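Counting in UniProt numbering, the sequence shown runs from 1 upward without gaps. Cβ coordinates follow ideal geometry from the N, Cα and C atoms, glycine included. Since we're looking at a predicted model, the values are computed, not measured. For reference, the structure is listed below as structure tokens.
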Amino acid sequence: MAREVKTTCPYCGVGCGVIARVDDEGAVSVKGDPEHPANFGRLCSKGSALAETLDLHGRLLHPEIGGRRAGWDEALDLVASRFAQTIAEHGPDSVAFYVSGQLLTEDYYIANKLMKGFIGSANIDTNSRLCMSSSVAGHRRAFGSDTVPGAYEDLELADLVVLTGSNLAWCHPVLYQRLAAAKANRPEMKVVVIDPRRTMTADIADMHLALAPDSDVPLFNGLFAHLAASGAVDQNYISAHTKGFAEAFAAASALDLAELSALTGLSQTQLRDFFRLFETTEKVVTCYSQGVNQSACGTDKVNAIINCHLATGRIGRRGMGPFSLTGQPNAMGGREVGGLANMLAAHLDIEKAADRDLVRRFWGAPALAGKPGLKAVDMFRAVADGRIKALWIMATNPVVSMPDANAVEAAIKACPFVVVSDILSETDTARHAHVLLPSLGWGEKDGTVTNSERRISRQRVFLHAPGEARADWWQMAEVGRRMGFAQAFAHASAAEVFAEHAALSGFENDGRRDFDISAHATIDKASYDDLKPFQWPQPQGTRPRERRFFAEGGFYHADGRASFITVDVSPSKRANDAYPFTLNTGRVRDHWHTMTRTGKSARLSAHIAEPFVEIHPRDAERLAVADADLVTIESAYGQATVRALLTERQAEGSLFVPMHWNDQFASKGRIDALVPPITDPVSGQPASKNVAVKATRLDARAYGFAVSAEKPQGIDAAYWAIAKADGGWRLELAFSEPQADWIGWCRRAFSIPAGIEPIGYTDRQSGELRLAFFDSDRLLAALFLASRPVAVARNWAVSQLLASHTDLGTRFAVAAGRPGAGREDPGATVCSCFSVGVNQITAAIRDGCHSVQAIGERLSAGTNCGSCRAEIRGIIDGCLAAAAE
Ligand SMILES: Nc1nc2c(c(=O)[nH]1)N[C@H]1C(S)=C(S)[C@@H](COP(=O)(O)OP(=O)(O)OC[C@H]3O[C@@H](n4cnc5c(=O)[nH]c(N)nc54)[C@H](O)[C@@H]3O)O[C@H]1N2
Ligand SMILES: Nc1nc2c(c(=O)[nH]1)N[C@H]1C(S)=C(S)[C@@H](COP(=O)(O)OP(=O)(O)OC[C@H]3O[C@@H](n4cnc5c(=O)[nH]c(N)nc54)[C@H](O)[C@@H]3O)O[C@H]1N2
Ligand code: SF4
Ligand SMILES: [Mo]
């Protein structure tokens, strides 16, 4: 019988409800859960493609020690004894855990309990340090607690939504859709996007402010000063519920409009218009994400934003408030369990003796950590210099995602004992592990996650555990038991862990702490299995209800008041004569982080199939770089080679490269190798969006594009990037010298069996070579070479892998790299859900479909998840503009 299981999407912090359907044959399909309050049935391209990422290719199925298969007992005993031995010899601070906002709350709770309560060190930090820590620090400075005051609904109820440092359309697509739908219903609603790049999110904006990198503090200070000067401040709120207004206002008023304009790169008119709009609109929500957090002044940026909301009393009321968008599915849950090195469980403070004592008593902890531990960047420094001698990495891939990634890789390689818990056997990090532990992945494990609006939802099992994979919390609890803490880690299920976490949140709380879900402190297995999404807080004896914070004050500083924070930083311009460009890094629509899951989906890989750099055309001209050339980007720390994409969406002097590509998918795409380990002094969050670099054109002598049924191996080329395709793989190539034996090269790279000879084709005009290998009617591999970036129709070439080539004519068409008569090239994929290419969309536009809706009716493009609607609109505008010229 087919089964349907309600669960939650494992990607972004929107936390959409998903219904997974497993049919009689075990095939899985997914759809949005219409009853889930985050998405009401919607899913984005990544959520819709979840079923395509569940195959077992590359999965780690058994524990491994030193590369050989081992049993769980042997592996866990080794981990426990090496950690215990290291602690005995060098003290508790000689070991560390580096975990992840992609752990479930239960996993996270156990990891934190083991390190902070029983090992006795706070050396547990998480990739949330790279993601949310500036927001956490900003909240705590302002509110006295890490509280997100509002809810998603506020984005729909607001009359002005300011999105700053957020590419909502690509990174929180379902929330973006909710916003876009609200704006379509109420066209008077205004959206302002503040981002140095003109992203797809800017498409629905009434105003796009392309500010200079890291000039957010002067911008929001200018706004604060304007609000105060224009009388938009709420004096009653300020005097009843806040402190520090006068000092913060004095600092914010230091600059006049001309100076603000010089610092932000925005015109005085733009500044005035934005300030006026904010001043005159009561219902304002300001959403912010990594353009704010990932900065050397990220915490100050957060407080500069919060200051404006406190000053106007626009917080915690319907349609009003600052709103930190969380990145990972459980970024928020990790904060609740105190997963950061400077936090304690249940929103308690590791620097307060009374809080430490409370947790110590609740856990019966023998060795509660007495001080904060090392934050991620410092933690890997301590690994590098030998202070940390045993490290456990769980659900994160730091060799790709940490700044100064080459140094992080070297540190991990040099560390005497490294444990990695992952779902894949080969990642850039896993390859350096002494012990590899196979974890359960999405659909295989039970637990809870908390989304950006404080809503706790269940992730549920609908698949069998593959091989010997086990839950992350179980791995940590087993090691805890083996280190001698059997009673504290006796949990038999995720439900028991959750109940303990809920009980701690209510322990001696009495309303003093924001995070309280003690209504669930005695939850049993059956109720846990049934648990409906609910928003925190939910103290004991209360029913679930929607809740906002701080409309009537009630902050968590000892005096109950919020603090205005005085911030007065000027943007630090890092670019210099030697490294004249500002490198900005971030995300693309269809990939997730280091691609370990989205890289498995051909549909998702079709949108953007290789690492790229966005360059303004005038910068490209100065660098003598043409569209599709390869560019080497270099900082004082490292290098990457990526494809040039010329676009006026990019500001002059700035480059944008996505963070996703790594050694599994490209020769040199790890952009964090270039990012220096500069961090925010308050939060410790790295500044991943403002890196001084130079760029040069890669002088390649031959370029190639290839498709292959087998995954290419040991590719010998100056540049390569592979991506999953239907029926095989696609490959972009460049060579510093032409090869003497191209056929031999193909045989090695594409594992072509001996005896299969290629069809060769030399283009008469250019003299360029194409090779195609067939095994009876099936295409094994084809290579298209040129002295310039190859112009072959990519999606058409890829589609040949699944086509049947019974007649010689079609085989020659493949070798020639041209669609035969009657076959059309769909062009680069725009809509991943329905695999619709740009050429199909332009053809429909020529046929008279002049709106996104008309394109949707003709081709279905943009009608499922809607993530590509902004791109379709861009194509329509481009075609109509071209036709008008
Ligand atoms: N498709 C996809 N979605 C994801 C993820 C993914 O990997 N792929 N990851 C998830 C995670 S963990 C996170 S943290 C979120 C991140 O979500 P976002 O923060 O929205 O994504 P980013 O692309 O990292 O950065 C956002 C924007 O900040 C801008 N920016 C750069 N410098 C500045 C500046 O100085 N000031 C301002 N105001 N803006 C600046 C960048 O140009 C960029 O467009 O996405 C989540 N969603
Ligand atoms: N330059 C630059 N660097 C950045 C950023 C940026 O914008 N620019 N963004 C930063 C941000 S915001 C983030 S959140 C990080 C993300 O960076 P990472 O956390 O390093 O990225 P992921 O690819 O999500 O890594 C998750 C790992 O866990 C594995 N995994 C998946 N499911 C499970 C599971 O259930 N259990 C276990 N044990 N493992 C599992 C995956 O295979 C993968 O190896 O990158 C940061 N780095
Ligand atoms: S917006 Fe997309 S990626 Fe984020 S939770 Fe929803 S379906 Fe998943
Ligand atoms: Mo993140």
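{"Query": "Near ligand 2: cysteine 131 beta-carbon under 6 Å from a heavy atom", "Result": "yes"}
{"Query": "Nearest neighbour of threonine 641, chosen from Pro398, Tyr761, Arg670, Ile87 [CA to CA]", "Result": "Arg670"}
{"Query": "Which of helix, strand or coil DSSP assigns to glycine 728", "Result": "strand"}
{"Query": "Asparagine 342 to valine 148 span [Cα, whole Å]", "Result": "19 Å"}
{"Query": "Cβ-heavy atom distance, glycine 298 to ligand 4, below 6 Å", "Result": "no"}
{"Query": "Stretch pair the segment 420 to 436 + the segment 388 to 403: three plus CB contacts closer than 8 Å", "Result": "yes"}
{"Query": "For isoleucine 238, the nearest candidate out of Ala205, Ile306, Ala254 (CA to CA)", "Result": "Ile306"}
{"Query": "Sufficient close CB pairs (3 or more, under 8 Å) joining the segment 283 to 302 to the segment 317 to 328", "Result": "yes"}
{"Query": "Beta-carbon proximity check, leucine 783 vs leucine 801, cutoff 7 Å", "Result": "no"}
{"Query": "Quiz: which residues have CB nearer than 5 Å to ligand 3 non-hydrogen atoms", "Result": "Cys9, Tyr11, Cys12, Val14, Cys16, Leu43, Cys44, Lys46, Gly47, Pro173, Val174"}
{"Query": "Beta-carbon proximity list for alanine 477, same chain, < 7 Å, skipping 5 on both sides", "Result": "Ile110, Phe489, His491"}
{"Query": "Glutamine 328 Cβ short of 6 Å to ligand 4 heavy atom set", "Result": "yes"}
{"Query": "Alanine 725 and valine 798 closer than 7 Å at C-beta", "Result": "yes"}
{"Query": "Asparagine 307: CB within 6 Å of a non-hydrogen atom of ligand 1", "Result": "no"}
{"Query": "Within the segment 298 to 363, ranges of the alpha helix (DSSP H) (whole runs, at least 4 residues)", "Result": "298 to 311, 331 to 336, 353 to 363"}
{"Query": "Any 3 or more C-beta pairs closer than 8 Å across the segment 596 to 609 and the segment 41 to 61", "Result": "yes"}
{"Query": "Residues bridged to glutamate 64 [DSSP beta-bridge criterion]", "Result": "Arg69, Leu436"}
{"Query": "Beta-ladder partner(s) of threonine 585, from DSSP", "Result": "Val657"}
{"Query": "Bounding residues of the alpha helix (DSSP H) (the contiguous stretch that carries arginine 141)", "Result": "133 to 143"}
{"Query": "Boundaries (first-last residue) of the beta strand (DSSP E) holding tryptophan 392", "Result": "390 to 394"}
{"Query": "DSSP bridge partner residues for valine 420 (one or two, in chain order)", "Result": "Ile393, Leu436"}
{"Query": "Exposure label - threonine 312; buried when at least 16 CB within 10 Å", "Result": "buried"}
{"Query": "Counterpart residues of isoleucine 19 in DSSP-defined beta bridges", "Result": "Lys6, Lys31"}
{"Query": "Cβ separation of cysteine 868 and isoleucine 845, assumed to be a contact under 8 Å, to the nearest whole Å", "Result": "No, cysteine 868 and isoleucine 845 are not in contact; Cβ-Cβ is about 15 Å, not under 8 Å."}
{"Query": "Validate contact between the segment 510 to 525 and the segment 535 to 544 using beta carbons, cut 8 Å, 3 pairs", "Result": "yes"}
{"Query": "Contacts around threonine 696, its chain only, beta-carbon distance under 6 Å, and the 5 residues preceding and following it disregarded", "Result": "Thr632"}
{"Query": "Glutamate 10 vs tryptophan 442 beta-carbon contact at 7 Å", "Result": "Rather than glutamate, the amino acid found at residue 10 in this sequence is proline. It is a contact, given that the beta carbons lie within the stated cut-off."}
{"Query": "Three-state secondary structure assigned by DSSP to arginine 454", "Result": "coil"}
{"Query": "Where the alpha helix (DSSP H) through leucine 859 begins and ends", "Result": "852 to 859"}
{"Query": "When Ala212, Leu211, Pro196, Val191 are compared against aspartate 203, the one with the closest alpha-carbon", "Result": "Val191"}
{"Query": "Alanine 499 versus Glu106, Ile65, Ser29, Pro533, residue with shortest Cα-Cα distance", "Result": "Glu106"}
{"Query": "Sub-7 Å separation of alanine 2 and aspartate 23 beta-carbons", "Result": "yes"}
{"Query": "Proximity winner among Glu732, Met483, Ala620, relative to alanine 88 (alpha-carbon distances)", "Result": "Met483"}
{"Query": "Expected contact under 8 Å - CB spacing of valine 285 and leucine 155 to nearest Å", "Result": "6 Å"}
{"Query": "Beta-carbon spacing of aspartate 680, threonine 299 below 7 Å", "Result": "yes"}
{"Query": "Sequence-distant residues of its chain with Cβ nearer than 8 Å to leucine 223 (five each side left out)", "Result": "Phe274, Phe275, Phe278, Cys308"}
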